[in-house]
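Protein chains: 2
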Amino acid sequence: MNNNDRLNDWKNLRRQQKSLRTSEYLLPLLKSGDKTALSAAITLTESSLAQDKLESKKLLQAILPHTGRSKRIGITGVPGVGKSSFIEVFGKHLIDAGYKLAVLAIDPSSNVTGGSILGDKTRMNWLSQQSNVFIRPQAASDQLGGVAKSTKECMLLCEAAGYDFVIIETVGVGQSETSVHDMVDFFLLLMLSGAGDELQGMKRGIMEMADAIVITKADGNNIQQAKRARTQYANALHLFPAKKSDWIPKALTCSSLENHGLHEVLEMIESYFLQITTNGWIEILRKNQEKKVFEKHINELFQNFIVSNDNLKELKKMLSEQVSLGELSGYQAAEFFFESIRKI
Amino acid sequence: MNNNDRLNDWKNLRRQQKSLRTSEYLLPLLKSGDKTALSAAITLTESSLAQDKLESKKLLQAILPHTGRSKRIGITGVPGVGKSSFIEVFGKHLIDAGYKLAVLAIDPSSNVTGGSILGDKTRMNWLSQQSNVFIRPQAASDQLGGVAKSTKECMLLCEAAGYDFVIIETVGVGQSETSVHDMVDFFLLLMLSGAGDELQGMKRGIMEMADAIVITKADGNNIQQAKRARTQYANALHLFPAKKSDWIPKALTCSSLENHGLHEVLEMIESYFLQITTNGWIEILRKNQEKKVFEKHINELFQNFIVSNDNLKELKKMLSEQVSLGELSGYQAAEFFFESIRKI
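In order, the protein sequences belong to chains F and X.
Quick note, in this note's numbering, the first sequence goes up one by one and the last residue is 345.
Quick note, in this note's numbering, the second sequence goes up one by one and the last residue is 345.
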């Protein structure tokens, strides 16, 4: 091959690569369930290039009618509770039952260490080799609402690609689990036994969001303690206000190591979906979720607007100090700040 | 007296009344603990007249250095739990211990019925006749953050007037108790026994905000049930994440009817303040509160800006419908909406 041919080949390849990043190219492949297209579509969604953003918007608009049919599960818990092991074994139950599964793992540490994404892949060793499974880590972004937006969009892409279950995994210590709670149908909290001590690192309010608490590592010497914890959490869940879905939150135990209790978790989740499909809550839930996204994202855009303007950022810092020193009340500072925004 | 004299008298009175509504006139009286001046200052704060707003701002700026010395207590619970009876009897313990007490009762129904304010006055019959007690109902406003803003400002005025305890009473079913929680040092949740059923009407997340749960009406046939409820709530409180104050939330029982257990509530609250004064949390708490007010009020002003603009209100409603119908994603709608705001 001479230089000229080589150059033409290279040009063709570039042209081809570029056309791969278009909504027109990806849409039919995505709808047929093509994993490579799904990956490419997610990459497009996460890209910060203007052209990619445009194509991504077009793609998301086009897939909207093909979304909404997955069961959306949020799974959270402190580091060390065994989220990946749980998903690995629970996922096997889903695959055995004939379902297609997508796992989106939000990794708040990935910005810093860059390490645990690889860790996740290794820990879900069996799952990651299955043809009916799609696993994708989600780097947590600094941008407010960043995690939520791209995770939600990835979830919709997975739905359009025909996945029956989408599991969103997050760590229950940061900002992300409220956002995740707001985008899933079922919110599962994994807990270690030795009740009480483990919640110390958890975000407040997380127990009340849970549709179920599953005590992990109920094996070996741990079984009795896990059962006691289960009873304690079952009692505590009972004290919370009733859920609008009429679902009564459950507490269960399981062992990913011995593959115990996972089947019961699946049965519980299926009975939940049966209940909310029968009583019509699923439609209300999905509508409420989108409306909440609408409301929340307006505020996120407002916050981003402030953060991305150096003058405002500076002014806010200055006012916050004045408030700390007792020179200004919080209300006075807020009024001055809002007037300053309006003048921009 | 002839007509001319009568007219001059009337003019003098008007002039006097007007000068009463100034920061210069009210400030020294307020600091001396004058109740009439405190009432007038609160009325000024709640007024919507431009001149009053200006004077009120001046007054609040002037009293800021004289605030912060009260113990700020939030009390909430569903209607019927016996909040007013509790405060009536608990207040007597405070007065007997030599404290001055201000009670601000937020009444979410007052806009509609106009009735329960009078009810409150009657129910706190003994308290309302004491010279060391100041009781003031707070009408809930439609304005976002309205309750919070005027309540906080009233609280500061009470502090400047030398009240040792400021109790803010609210009903645990609406929007106000999160705002109240964010402005008090100690948040007390009153509950009826017959655990579980009563929280049904409560706002989610309220149990986790509580520094203490007190089971009311622990008298007559109710005693055993109240004690059981106490144990259940004590166990449940134990499961929540630790408080930043290092305070371990308590569960107690009391009877306002038989004046049982109220002394223990006071002891608990005093030990709480001893703890947070010793470990320095009180300073951090107060600073955090004001910073939170600053952050939150910026958002409230932003929301008010949207609500007070008819075009934006209309657009938001239209977009919300599109989101409901699945024509637009929540993110898309929010982006379009925020761009529209920026064009104003």
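Backbone N, C-alpha and C fix where the C-beta goes; we use that ideal spot for every residue, glycine too.
Let me see if you follow: with CB-CB separation under 8 Å, is residue 177 of chain X close to chain F or not? With 8 Å as the cut-off, residue 177 of chain X does not count as an interface residue toward chain F.
Taking a Cβ distance cut-off of 9 Å, strictly less, list which residues of the segment 282-298 of chain X are near chain F, in chain order. Correct list: 287, 288, 290, 291, 292, 293, 294, 295, 296, 297 and 298.
If contacts are defined as beta-carbon pairs under 8 Å, then residue 160 of chain F and residue 171 of chain F qualify, I think. What distance do you get, rounded to the angstrom? Wrong, their Cβ atoms sit about 19 Å apart, outside the cutoff.
Return no unless some Cβ of chain X is closer than 8 Å to the Cβ of residue 65 of chain F. Using a CB distance cut-off of 8 Å, residue 65 of chain F counts as an interface residue toward chain X.
Taking 8 Å as the CB-CB limit, is residue 117 of chain F close to chain X? Interpretation of residue 117 of chain F is limited by its pLDDT of 45, a score under 50 that renders its predicted location unreliable; no figure is taken from the coordinates.
Alpha carbon to alpha carbon, how far is residue 56 of chain X from residue 148 of chain F? Give it in angstroms, no decimals. Rounded to whole angstroms, residue 148 of chain F to residue 56 of chain X spans 46 Å at the Cα level.
Would you call the segment 205-223 of chain F and the segment 94-108 of chain F touching, i.e. three or more CB-CB distances under 8 Å? They do not touch, by the three-pair rule.
Do residue 253 of chain X and residue 387 of chain X have their beta-carbon atoms positioned less than 8 Å apart in this structure? In the structure displayed, chain X extends from 2 to 345; residue 387 of chain X sits before or after that span and is not available.
Ends of the beta strand (DSSP E) at residue 139 of chain F? Residue 139 of chain F -> beta strand (DSSP E) spans 134-140.
Residues bridged to residue 346 of chain X [DSSP beta-bridge criterion]: The shown model of chain X, from 2 to 345, leaves out residue 346 of chain X, and the question about it has no answer.
Measuring alpha carbon to alpha carbon, tell me which residue in X:62, X:224 and X:105 is nearest residue 24 of chain X. Nearest to residue 24 of chain X by C-alpha distance, out of X:62, X:224 and X:105, is X:62.
To the nearest angstrom, report how far apart residue 233 of chain X and residue 193 of chain F are at their CA atoms. Distance between the alpha carbons of residue 233 of chain X and residue 193 of chain F: 21 Å.
Taking DSSP as the reference, what is the three-state secondary structure of residue 241 of chain F? If DSSP states are grouped into helix, strand and coil, residue 241 of chain F belongs with coil.
Any beta-carbon of chain X closer than 8 Å to the one on residue 233 of chain F? Yes, its Cβ sits closer than 8 Å to a Cβ of chain X.
In chain X, what lies closer than 7 Å to residue 81 of chain F by C-beta? The contacting residues do not exist; residue 81 of chain F stays about 16 Å from chain X at best.
Quick check on this structure: which residue in X:228, X:34 and X:337 has the alpha carbon closest to the alpha carbon of residue 135 of chain X? Ranking X:228, X:34 and X:337 by Cα distance to residue 135 of chain X puts X:34 first.
Let me know if residue 121 of chain F comes out buried or exposed under the rule of 16 or more other beta-carbons within 10 Å of its beta-carbon. Caution applies to residue 121 of chain F, whose pLDDT of 47 falls short of 50 and renders its modelled position unreliable; the value that the coordinates give is listed next. Per the 10 Å Cβ criterion, buried.
Report yes or no: is there a C-beta of chain F within less than 8 Å of the C-beta of residue 150 of chain X? For residue 150 of chain X, a Cβ of chain F is located within less than 8 Å of the residue's own Cβ.
Under 8 Å by Cβ, that's how I've got residue 255 of chain X and residue 279 of chain X pegged, so tell me the actual separation to the nearest angstrom. Between residue 255 of chain X and residue 279 of chain X a beta carbon distance of about 26 Å is seen, past the 8 Å cut, so the two are scored as non-contacting.
I want to verify the contact list: residues of chain F whose CB lies under 7 Å from the CB of residue 334 of chain X, in sequence order. Chain F residues near residue 334 of chain X: 295.
Applying a beta-carbon distance threshold of less than 9 Å, which residues of chain X neighbour residue 104 of chain F? Under the 9 Å cutoff, chain X gives no residues; its nearest Cβ is about 22 Å from residue 104 of chain F.
How is the alpha helix (DSSP H) around residue 22 of chain X delimited, first residue to last? If you look at residue 22 of chain X, you'll find it isn't in any alpha helix (DSSP H); DSSP assigns it neither H nor E.
Paired residues, beta bridge with residue 351 of chain F - DSSP: The structure shown does not extend to residue 351 of chain F, since chain F is modelled only from 2 through 345, so no value can be given for it.
Does residue 375 of chain F come out as helix, strand or coil in the three-state DSSP assignment? Since the first and last residues shown for chain F are 2 and 345, residue 375 of chain F lies out of range.
Assuming residue 77 of chain X is part of the beta strand (DSSP E), what are its boundary residues? Looking at the DSSP string, the run of the beta strand (DSSP E) that includes residue 77 of chain X is 72-78.
Contact between the segment 7-14 of chain X and the segment 42-55 of chain X (3+ Cβ pairs under 8 Å): The segment 7-14 of chain X is not in contact with the segment 42-55 of chain X.
Close-in-space but distant-in-sequence residues of the same chain around residue 327 of chain F (CB under 6 Å, 5 per side omitted): Counting only Cβ-Cβ distances below 6 Å, and skipping sequence neighbours, we find nothing.
For residue 73 of chain X, which of X:80, X:188, X:239 and X:245 has the nearest alpha-carbon? For the residues X:80, X:188, X:239 and X:245, the minimum Cα distance to residue 73 of chain X belongs to X:188.
Give a yes or no on whether the minimum CB-CB distance between residue 302 of chain F and chain X is below 8 Å. Residue 302 of chain F counts as touching chain X.
The ligand SAM and residue 79 of chain F: does any heavy atom of the ligand fall closer than 7 Å to the residue's C-beta? Questions concerning the ligand SAM fall outside what the structure shown contains, since it holds no ligand whatsoever.
Buried or exposed: residue 282 of chain F, going by 16 or more other Cβ atoms within 10 Å of its Cβ? Residue 282 of chain F sits buried, since 16 or more C-beta atoms from the chains shown fall within 10 Å of its C-beta.
Can you give me the C-alpha to C-alpha distance between residue 343 of chain F and residue 343 of chain X, rounded to a whole angstrom? When only Cα atoms are considered, residue 343 of chain F and residue 343 of chain X end up about 9 Å apart.
Exposed or buried, which one is residue 15 of chain X when buried takes at least 16 other CB atoms within 10 Å? By the neighbour-count rule (16 or more Cβ atoms within 10 Å), residue 15 of chain X is not buried but exposed.
Close-in-space but distant-in-sequence residues of the same chain around residue 313 of chain F (CB under 6 Å, 5 per side omitted): Result list for residue 313 of chain F: 307, in chain order.
Cα-Cα separation, residue 205 of chain X to residue 272 of chain F: C-alpha separation (whole angstroms): 24 Å.
Please report the residue range of the alpha helix (DSSP H) in which residue 90 of chain X lies. Per DSSP, residue 90 of chain X belongs to the alpha helix (DSSP H) from 84-97.
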